[in-house]
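Residue numbers (the working numbering), protein chains in the order written: chain A, 31 to 153; chain B, 31 to 153; chain C, 31 to 153; chain D, 31 to 153.
Yeah, the Cβ is synthetic: ideal placement off N, Cα and C, and Gly gets one too.
No experiment lies behind these values; they were computed from the predicted model shown.
Number of protein chains: 4
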Amino acid sequence: MAIGRNQWAIAEGYIPGSSTGPAPAMTSHETACILNAGDREIHVEITIYFADREPVGPYRVSVPPRRTLHLRFNELEDPESIPRDTPFSSVLVSDGPMVVQHTRLDSRQAENALLSTIAYSEA
Amino acid sequence: MAIGRNQWAIAEGYIPGSSTGPAPAMTSHETACILNAGDREIHVEITIYFADREPVGPYRVSVPPRRTLHLRFNELEDPESIPRDTPFSSVLVSDGPMVVQHTRLDSRQAENALLSTIAYSEA
Amino acid sequence: MAIGRNQWAIAEGYIPGSSTGPAPAMTSHETACILNAGDREIHVEITIYFADREPVGPYRVSVPPRRTLHLRFNELEDPESIPRDTPFSSVLVSDGPMVVQHTRLDSRQAENALLSTIAYSEA
Amino acid sequence: MAIGRNQWAIAEGYIPGSSTGPAPAMTSHETACILNAGDREIHVEITIYFADREPVGPYRVSVPPRRTLHLRFNELEDPESIPRDTPFSSVLVSDGPMVVQHTRLDSRQAENALLSTIAYSEA
Chain A
31 MAIGRNQWAI AEGYIPGSST GPAPAMTSHE TACILNAGDR EIHVEITIYF
81 ADREPVGPYR VSVPPRRTLH LRFNELEDPE SIPRDTPFSS VLVSDGPMVV
131 QHTRLDSRQA ENALLSTIAY SEA
Chain B
31 MAIGRNQWAI AEGYIPGSST GPAPAMTSHE TACILNAGDR EIHVEITIYF
81 ADREPVGPYR VSVPPRRTLH LRFNELEDPE SIPRDTPFSS VLVSDGPMVV
131 QHTRLDSRQA ENALLSTIAY SEA
Chain C
31 MAIGRNQWAI AEGYIPGSST GPAPAMTSHE TACILNAGDR EIHVEITIYF
81 ADREPVGPYR VSVPPRRTLH LRFNELEDPE SIPRDTPFSS VLVSDGPMVV
131 QHTRLDSRQA ENALLSTIAY SEA
Chain D
31 MAIGRNQWAI AEGYIPGSST GPAPAMTSHE TACILNAGDR EIHVEITIYF
81 ADREPVGPYR VSVPPRRTLH LRFNELEDPE SIPRDTPFSS VLVSDGPMVV
131 QHTRLDSRQA ENALLSTIAY SEA
């Protein structure tokens, strides 16, 4: 069953530049969890906004029908990788309904810290 | 008094495979807190979505009138238990209004970390 | 300027029964932050829902015009205090618009953990 | 592409008065991440609400077109700095659509803790 919306924004974004603990589970990362509960593949375009330069994108990912994609911003490389220790925001636009949640694991110190929130959505 | 919606989605899902500290309070867990503030029992069907295989479900739980259920995904067993250290998403559909909040306690390291967010809802 | 809604629900609720560090700042606590940005005092009724017994309430608090109240559930005592280490949910209903955010400080272990989310609202 | 709303509220606010670890990355801070994905500069007025005195503001910030601003409340100084260890709330009003997310890094103890949530919005 399709659930969700086509446009999402995550105002907070920051990939910590260092990590503690075994990779990849404990590597500091910034994630957009994307659920496609519908019966058609969706195509998502992601644009990254910065504080002091023009946005970069679109990054393109697809999510097959009835699948989830836990997308690590750390792994985006085309058109360019996202700099570490740099504030950013992201906008995700798809051609079908999706649900987006934002999560960070910060393992710069010995004990990890977590944050998560539903993203902002428009129809 | 009834409050809430009938359809909810949690795009983030991940049960850490290890824990530190006394069980069950400090066992790593992933929780969907479900509030039924209305005067009728509600019946909830939960479907779990994965990255690389077909969804599993429905899992079925009931919440009596005027009760809350803090459901640990760790404890779902029928039709099958949810694998650890594996990204997933969930969709919860009920036959009456409910409010759903997502919380994780991650105690893989010595000090626990917490995340929580309201889930995404549709009428 | 008035902003917000009259009905809010927090599906997650849990007051850790132990704490580490100096009180009251580092005492484990569960908070509903209530903003009344309007020009009239608002009167809020809070009902607490449990897993296995009838709800308790209403607890009553007032928030003066143009004030915020960071209400610790730990400190609610009338009609009865809220048990520790016990899952609960809460519904907050006011006679004027308010904004409600849910935060927990968990200091059961040496290093504190935090969670926060906007609550679920209806008009 | 413009996305977002013009009015946002963050009911939770608290700048921890102490920190552990190297500044500024590990300094305890309270942040409003503001995304302006549109093609016009936006002008944001921020009002801070307290528990026991009249609100302070407006603080004024601008966000250029296609930029994000990760605004640390710690750094607001005009009309006055925000006291530490003091509960507050904030309302942000702009003349164009924006998306606002609230994040705190709490490094009072040796290991940092994080919280984040989308703020409450109105059109």
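- Just so you know, the alpha carbons of A/Leu145 and B/Asp136 end up roughly 11 Å apart.
- Note on geometry: alpha-carbon atoms of C/Gly126 and C/Trp38 lie some 12 Å from one another.
- Rounded to the nearest angstrom, the gap between the Cα atoms of C/Arg97 and C/Met31 is 12 Å.
- Using a Cβ distance threshold of 8 Å, B/Ile33 and B/Ile78 do not count as a contacting pair.
- Taken atom to atom, the span from the alpha-carbon of D/His132 to that of B/Met128 is near 26 Å.
- Taking 4 residues as the minimum length, the stretch 68-92 of chain B contains no alpha helix (DSSP H) run wholly inside it.
- In the DSSP assignment, B/Leu101 forms a beta bridge with B/Ala62.
- C-alpha of D/Val93 to C-alpha of D/Cys63: approximately 11 Å in a straight line.
- Between B/Pro88 and B/Glu105, the C-beta gap is not smaller than 8 Å, which leaves the two residues out of contact.
- Under a 10 Å Cβ-count criterion, B/Gly47 is classified as exposed, with fewer than 16 other Cβ atoms of the shown protein chains found around its own Cβ.
- Counting C-beta atoms within 10 angstroms of its own C-beta, D/Pro109 has fewer than 16 neighbours from the protein chains shown and is therefore classed as exposed.
- Burial of A/Ala143 is indicated by the presence of at least 16 other C-beta atoms within 10 angstroms of its C-beta.
- Residue nearest to C/Phe80 within the set B/Met56, B/Glu42, B/Ala55, B/His100 is B/His100 (criterion: CA-CA distance).
- Separation of the CB atoms of C/Gly43 and C/Ser120 is rounded to 6 Å, and the pair is thereby assigned contact status at 8 Å.
- Close partners of C/Thr77 in chain D (Cβ separation under 9 Å) are lacking, with about 19 Å as the shortest Cβ gap.
- With respect to chain C, the C-beta atom of A/Thr61 has no partner C-beta closer than 8 Å.
- Looking only at B/Pro85, B/Phe103, B/Val91, B/Arg90, the smallest Cα-Cα distance to A/Pro95 is reached by B/Pro85.
- Neighbours of A/Glu141 in chain B, taken as residues at a C-beta separation under 8 Å, are given in chain order as Gln139, Ala140, Glu141, Ala143.
- Taking a Cβ-Cβ threshold of 7 Å, none of the residues of chain C is close to A/Thr50; the smallest such distance is about 13 Å.
- Where A/Tyr44 is concerned, there is no enclosing beta strand (DSSP E), because DSSP gives it neither an H nor an E.
- For D/Glu152, the enclosing beta strand (DSSP E) stretches over residues 150-152.
- C/Pro52 sits in coil when the DSSP states are folded into three classes, being neither helix nor strand.
- Between B/Gln139 and A/Glu107, the CB-CB gap reaches or exceeds 8 Å.
- With its beta carbon less than 8 Å from one in chain A, B/Gln37 belongs to the interface.
- Residue pairing by DSSP places B/Asp108 opposite no residue, since no beta bridge is assigned to it.
- Against chain D, the beta carbon of A/Glu110 has no neighbour under 7 Å; the closest one sits roughly 16 Å away.
- The alpha carbon of C/Asp115 has as its nearest neighbour, out of C/Arg90, C/His59, C/Arg83, the alpha carbon of C/His59.
- Distances from the alpha-carbon of B/Pro54 to those of B/Arg90, B/Glu71, B/Arg102, B/Asn66 put B/Arg102 closest.
- Here the alpha carbon of C/Asp69 sits roughly 23 Å from the alpha carbon of D/Arg35.
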